[in-house]
Amino acid sequence: MAGTASSDVLLDVLVFVLPVAVLLTLLLLLSRRRRRARSPAPVHAVATPTRVAVEPDRRPVIESVEVITGKIERAIANGEKASLAGLYLDLAHANERLSNGDARMSALRSAAGYGALHGPPSAHASARLALGEAAHQAGDLTSACEQWQMARAAFLESGDTEQHDRVETRMRENGCPTDWVLTDF
-19 MAGTASSDVL LDVLVFVLPV AVLLTLLLLL SRRRRRARSP APVHAVATPT RVAVEPDRRP
41 VIESVEVITG KIERAIANGE KASLAGLYLD LAHANERLSN GDARMSALRS AAGYGALHGP
101 PSAHASARLA LGEAAHQAGD LTSACEQWQM ARAAFLESGD TEQHDRVETR MRENGCPTDW
161 VLTDF
């Protein structure tokens, strides 16, 4: 009888202590994250701006914006949806070379959308990565993290584990939420 009573007491204590311990752990993690976000950037990071550690796929641009736009129109007319993501990536690169930022971003969004719907995963990943880097450069870390997460998944889907790992490292360096934070609660 005494053994049953003590196990009941132990169970009652665990039922109370376990949720409290989980809550305290979450609060500790949240305060650490906020402290890290408020801490100033290292001087060397401000003094020496560097190019992004993860580079989007850079295919050489041979054709003009007009030629690529014509190919996109023909692909749409012929229902060749699988080729659209790559063509929009080419268009984004061409607009980047012309320093046309708005047209570049529009083309990247189209590449990401068509890549997500119709493939290939590598084009989808490259577009998401470029969108993430653009958001990061604009100071929008939330959007950058979201784009990087989609890029990471698309790189994994395409079998490019090296790029997947690079994007994951980039996310961790910037304090982006990891999958367990997004799915376990």
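In my numbering, the protein residues as written are -19 to 165. We put the beta carbon where it would ideally sit given N, CA and C, even for glycine.
- In this structure residue 0 is exposed. Its beta-carbon is surrounded by fewer than 16 other beta-carbon atoms within 10 angstroms.
- Between residue 106 and residue 69, the C-beta spacing is below 8 Å.
- At the C-beta level, residue 108 and residue 85 stay beyond 8 Å of one another.
- A straight line joining the alpha-carbon of residue 71 with that of residue 45 spans about 6 Å.
- Cβ contact annotation for residue 4 (same chain, cutoff 8 Å, sequence separation greater than five): none.
- In this chain, residue 43 is not harboured by any alpha helix (DSSP H), its DSSP state being neither H nor E.
- In its chain, beyond the 5 residues on either side, 61, 63, 64 and 67 have a beta carbon closer than 8 Å to the beta carbon of residue 55.
- Distances from the alpha-carbon of residue 81 to those of 58, 115, 93 and 149 put 115 closest.
- Taking all protein chains in view, the Cβ of residue 77 is surrounded by fewer than 16 other Cβ atoms within 10 Å, so the residue is classified as exposed.
- If one requires a minimum length of 4 residues, the alpha helix (DSSP H) runs lying completely within the segment 79 to 162 are 81 to 98, 101 to 117, 121 to 138 and 141 to 153, in chain order.
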